[in-house]
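Down below is the structure, laid out as structure tokens.
In UniProt numbering, the protein residues as written are 1 to 204.
And the structure:
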């Protein structure tokens, strides 16, 4: 239990140093949280050059907007993932505009051809999937049955053989973990005011 506490204390201290603008804090934050940011970007984008650009833009935006980060209100990783989501959406929107402009210029498709799914929805879905993968197996199974199979608490209990109280506990803890990881985002980072949305809970 002590190592977890020590790690949490170190993370909190690093977050405070970052918010205070200490020169070496950005490198330390990148070393600690860069892999998680890269994992999310790779789940959304295929091209490695795009991945590198978005990861760089995320940390530049975070450093420039550090005055808006409050370590007492949000974990630093969750805050960074909020910025990452917006940078991915920015890139997908720009790509969509370029594709529509090219199609219009070539007169091969309407200039405003509708997309099957908006960039925000694509990224939301990928973020939730990434968060679910990092949950304990029991919590992940219960949440997937709730979100994707649209089962009620009672139906999940019948499907898994778990007591109803255990199902509700897994749902509550899993939702808390997803929200703490995915919902926190900076209010004052420029270019996009969209926020990450949590999946809805199962019906009782």
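Ideal Cβ placement from N, Cα and C applies to all residues, glycine included.
Collapsed DSSP secondary structure at residue 47 in the structure displayed: coil
Does the stretch 80-92 come close enough to the stretch 50-61 to have 3 or more Cβ pairs within less than 8 angstroms? yes
Since residue 143 and residue 174 are thought to touch, with beta carbons under 8 angstroms apart, how far apart are those beta carbons, to the nearest angstrom? 5 angstroms
What does a CB cutoff of less than 7 angstroms around residue 157 pick up in its chain, not counting 5 residues either side in sequence? 163, 164, 167
List, from N- to C-terminal side, the alpha helix (DSSP H) runs of 4 residues or more that fit wholly inside the UniProt domain "RNA polymerase sigma-70 region 4" (132-179). 137-147, 153-160
Go ahead and pull the three-state DSSP assignment for residue 28. helix
Sufficient close CB pairs (3 or more, under 8 angstroms) joining the stretch 62-72 to the stretch 15-28: yes
Reference residue 94; option with closest CA among 20, 50, 43: 50
Looking only at its own chain, which residues have a Cβ that is under 6 angstroms from the Cβ of residue 45, when we skip the five neighbours before and after it? 51
From 74, 132, 73, pick the residue whose C-alpha is nearest to that of residue 40; which is it? 132
Where residue 75 falls: helix, strand or coil (DSSP): coil
Do you know offhand how far residue 73's Cα is from residue 150's? 32 angstroms
Beta-carbon contacts of residue 30 that lie in its chain and below 7 angstroms, excluding the five residues immediately before and after: 59
Quick one: is residue 280 buried, meaning 16 or more other Cβ sit within 10 Å of its Cβ, or exposed? Examination of residue 280 is not possible in this model, given that the chain is present from 1 through 204 alone.
Hey, how far is the Cα of residue 32 from the Cα of residue 69? 17 angstroms
Take the Cβ of residue 250 as the centre, count every other Cβ of all protein chains shown within 10 Å, and call the residue buried at 16 or more, exposed below. One cannot answer for residue 250 here, as it falls past the ends of the chain, which runs 1 to 204.
Grab me the residues of residue 76's own chain with a C-beta within less than 6 angstroms of its C-beta, minus the 5 sequence neighbours each way, in chain order. 15
Please confirm if residue 53 has its CB atom under 8 angstroms from at least one CB of chain C. Chain labels in this structure do not include chain C; a single protein chain is all it has.
Is the distance from the Cβ of residue 37 to the Cβ of residue 92 below 8 angstroms? no
If you draw a straight line from the alpha carbon of residue 10 to that of residue 18, how long is it in whole angstroms? 12 angstroms
Taking its Cβ as the centre, do 16 or more other Cβ atoms sit within 10 Å of residue 176, making it buried, or is it exposed? exposed
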